[in-house]
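K.L.:
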Ligand SMILES: *Cc1c(COP(=O)(O)O)cnc(C)c1O
């Protein structure tokens, strides 16, 4: 049995350090905010080369609060990829703005600047690139389009912890970068957790305020905020796990390279990596016209795979009222039919991977 991903070995590899950190957090008497949270925020900002990090309760809230702090709301439109996890869209809808879906580049699966520029309307206020599967988006042309059209850029980096664009870690290229530390992400907590990073100090302060009831000072509320703070126990876990992130990313890179070398001659379409990108392989996603058959053959051999994502946001009932024709976004639709994520994670062994590769080559 080869699981798609297995989270428990991550804990057991560093159990002593994690247990120590959790005990420290439990014994501190601080169960909201405090040193564990500010300690992790400093560490994550430094890691991302950003001046500020604000811990948030989860990735969806990080995106939603970031949009709100940039005064994006009703009457505004935000450009987002047609082939993302639905959270990117939900954040835009949550603040009352409209999603303007833009198709990804069919080779990289990521949004590109040329397509974005065509979609801009007078209502467009912002662009939300998503570094899908841990592959950085080509940011420079997007930032340039944004500058020319006076648009804000909010990155959804929920799958891109440690990924580099032109040698610099994702974390502060645009106005604000939003993170999820959901347990399966490359840096994952033992529950829900999230953050934003930015070089804009005023924006970071406003996000912190909005995530804390619109308050900087106890019982003084300057805005109508929400309660969406990073849990100190999760912050303690994340601080420990961050020390191991690069090691775990290296293992993902080794696995990805081996998949790419050994599957080169089979009929699958493999991920491509532009020369300016250092991906972190949150997922290793192949494409096949016979995806469903391949997935069920692998399943019969005890090999778990997943589809990211089987139904694009515009085809979900949740967005049924948007009036998007089913065939209006053909790239997103065909990706949903063809993509398959192979087993990937820091604890997938070479022997397990060999089993996956053999099974695919035997098809
Ligand atoms: C996981 C994820 C999110 C949402 O994160 P949560 O912490 O689960 O709310 C947002 N966008 C993308 C692309 C994701 O993969």
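Residue numbers (our numbering): 374 to 736.
The C-beta atom is built at its ideal place from N, Cα and C for all residues, glycine as well.
#1: Once the 5 residues before and after residue 550 are set aside, which same chain residues still bring their CB inside 6 Å of it?
#2: May I ask you to check if the CB of residue 532 is nearer than 7 Å to at least one heavy atom of ligand 2?
#3: Among residues of its own chain, excluding the 5 on either side of residue 683, which ones have a beta-carbon nearer than 7 Å to its beta-carbon?
#4: Name the residue from 733, 736, 722 and 734 whose alpha carbon lies nearest to the alpha carbon of residue 376.
#5: Are the beta-carbon atoms belonging to residue 681 and residue 474 less than 8 Å from one another?
#6: Which class does residue 411 belong to by DSSP, given the choice of helix, strand or coil?
#7: Work out the CA separation of residue 605 and residue 660 for me, nearest whole Å.
#8: Identify the continuous alpha helix (DSSP H) that holds residue 711 and give its terminal residues.
#9: With residue 589 as the anchor, note down where its alpha helix (DSSP H) starts and where it stops.
#10: Inspect the CB distances between the stretch 711-727 and the stretch 625-644 and report whether three or more fall short of 8 Å.
#11: Check whether the stretch 615-626 touches the stretch 709-719, taking contact to mean three or more Cβ pairs, one atom from each stretch, closer than 8 Å.
#12: Measuring CB to CB, does residue 602 end up less than 8 Å from residue 406?
#13: Ignoring anything shorter than 3 residues or poking outside the stretch 485-517, list the beta strand (DSSP E) runs there in chain order.
#14: Among the residues of its own chain, which have a CB less than 7 Å from the CB of residue 711, if the five just before and after it don't count?
#15: Between residue 567 and residue 446, which are expected to be in contact by the criterion C-beta below 8 Å, what is the C-beta distance as a whole number of angstroms?
#16: Does the pairing of the stretch 387-397 with the stretch 689-697 give three or more beta-carbon distances under 8 Å?
#17: Helix, strand or coil for residue 648, going by three-state DSSP, please let me know.
#18: Is there at least one non-hydrogen atom of ligand 1 closer than 7 Å to the beta-carbon of residue 606?
#19: Ends of the alpha helix (DSSP H) at residue 700?
#20: Looking at C-alpha atoms only, which residue of 615, 525, 480 and 496 is the closest neighbour of residue 505?
#21: How close, in whole Å, do the beta carbons of residue 439 and residue 553 come, if the pair is a contact with beta carbons under 8 Å?
#22: At a cut-off of 7 Å, is residue 667 close to ligand 1 when judged by its beta-carbon and the heavy atoms of the ligand?
#23: For residue 686, name the three-state secondary structure that DSSP assigns.
#24: Give me the DSSP bridge partner(s) of residue 671.
#25: Taking 7 Å as the cut-off, is the beta-carbon of residue 553 closer than that to any non-hydrogen atom of ligand 1?
#26: Measure the alpha-carbon distance for residue 657 versus residue 666 and round it to whole angstroms.
#27: Is residue 486 near residue 515, with beta carbons less than 8 Å apart?
#28: At which residue ranges does the stretch 383-447 contain complete beta strand (DSSP E) runs of 3 or more residues, listed in the order of the chain?
#29: Can you determine whether any heavy atom of ligand 1 sits closer than 7 Å to the C-beta of residue 458, and answer yes or no?
#30: Would you mind sorting residue 561 into buried or exposed? The rule is 16 or more other CB atoms within 10 Å of its CB.
#31: If I'm right that residue 450 touches residue 498 with Cβ under 8 Å, what's the distance once you round it to whole angstroms?
P.N.:
Based on what the coordinates show:
#1: On the chain shown, residue 550 is found 177 positions in, with the first residue counted as 1. Correct list, in chain order: 528, 530, 544 and 570.
#2: This structure simply doesn't include ligand 2; it includes ligand 1 instead.
#3: For the purposes of this step, residue 683 is taken as residue 310 along the chain shown, with counting starting at 1. Correct list, in chain order: 709.
#4: In the chain shown, the residue the question calls residue 376 occupies position 3. Nearest to residue 376 by alpha-carbon distance, out of 733, 736, 722 and 734, is 722.
#5: Position 308 of the chain shown holds residue 681. Position 101 of the chain shown holds residue 474. Residue 474 sits away from residue 681, with the two beta carbons spaced by 8 Å or more.
#6: Looking up residue 411 in the chain shown gives position 38. The DSSP-derived three-state label of residue 411 is helix.
#7: Here residue 660 refers to the residue found at position 287 of the chain shown. Here residue 605 refers to the residue found at position 232 of the chain shown. Cα to Cα, residue 660 sits roughly 40 Å from residue 605.
#8: Mapped onto the chain shown, residue 711 falls at position 338. Where residue 711 is concerned, the enclosing alpha helix (DSSP H) stretches over 703-711.
#9: In the chain shown, the residue the question calls residue 589 occupies position 216. The continuous stretches of alpha helix (DSSP H) do not include residue 589, which lies in the beta strand (DSSP E) extending over residues 588-590.
#10: Touching, yes.
#11: These segments touch.
#12: In the chain shown, residue 602 corresponds to position 229, counting from 1. In the chain shown, residue 406 corresponds to position 33, counting from 1. Cβ distance < 8 Å, so residue 602 and residue 406 count as in contact.
#13: List check, beta strand (DSSP E) in window: 497-500.
#14: Here the question's residue 711 lines up with position 338 in the chain shown. Apart from the 5 residues on each side of it in sequence, residue 711 sits with its Cβ closer than 7 Å to the Cβ of 660, 661, 662 and 664 in its chain, given in chain order.
#15: Locating residue 567 in the chain shown gives position 194, where the first residue counts as 1. Locating residue 446 in the chain shown gives position 73, where the first residue counts as 1. Here residue 567 is actually not in contact with residue 446; their C-beta atoms are around 21 Å apart, not less than 8 Å.
#16: No, because fewer than three Cβ pairs between the stretch 387-397 and the stretch 689-697 fall closer than 8 Å, the two stretches do not touch.
#17: Position 275 of the chain shown holds residue 648. In this structure, residue 648 counts as coil in the three-state DSSP scheme.
#18: As a working note, residue 606 is residue 233 in the chain shown. No, Cβ of residue 606 sits at least 7 Å from all heavy atoms of ligand 1.
#19: In the chain shown, residue 700 corresponds to position 327, counting from 1. No alpha helix (DSSP H) contains residue 700, which DSSP labels as neither H nor E.
#20: Start at 1 with the first residue of the chain shown, and residue 505 comes out as number 132. Among 615, 525, 480 and 496, the Cα nearest to that of residue 505 belongs to 480.
#21: For the purposes of this step, residue 439 is identified with residue 66 of the chain shown, where counting begins at 1. For the purposes of this step, residue 553 is identified with residue 180 of the chain shown, where counting begins at 1. In this structure residue 439 is not in contact with residue 553, their Cβ atoms being roughly 12 Å apart against a cut-off of 8 Å.
#22: Taking the first residue of the chain shown as position 1, residue 667 is located at position 294. Not under cutoff, so the answer is no.
#23: In the chain shown, the residue the question calls residue 686 occupies position 313. It is helical.
#24: Within the chain shown, numbered from 1, the residue matching residue 671 stands at position 298. Note: residue 671 sits in no beta bridge, so no partner.
#25: Sequence index remark: in the chain shown, residue 553 carries index 180 (1-based). With a cut-off of 7 Å, the C-beta of residue 553 is classified as near ligand 1, since at least one heavy atom of the ligand falls inside that distance.
#26: Reading the chain shown from its first residue, position 284 is the one you call residue 657. Reading the chain shown from its first residue, position 293 is the one you call residue 666. Straight-line Cα distance between these residues: approximately 18 Å.
#27: Position 113 of the chain shown, counting from 1, holds the residue named residue 486. Position 142 of the chain shown, counting from 1, holds the residue named residue 515. Contact annotation: residue 486 and residue 515 have beta-carbon atoms nearer than 8 Å.
#28: Restricting attention to beta strand (DSSP E) runs no shorter than 3 residues, the stretch 383-447 encloses them at 425-429, ordered along the chain.
#29: Taking the chain shown and counting its residues from 1, one reaches residue 458 at position 85. For ligand 1, at least one heavy atom lies less than 7 Å from the Cβ of residue 458.
#30: Start at 1 with the first residue of the chain shown, and residue 561 comes out as number 188. Counting of Cβ neighbours within 10 angstroms places residue 561 among the buried residues, the total reaching 16 or more.
#31: Position 77 of the chain shown, counted from the first residue, corresponds to residue 450. Position 125 of the chain shown, counted from the first residue, corresponds to residue 498. Confirmed, Cβ separation roughly 7 Å.
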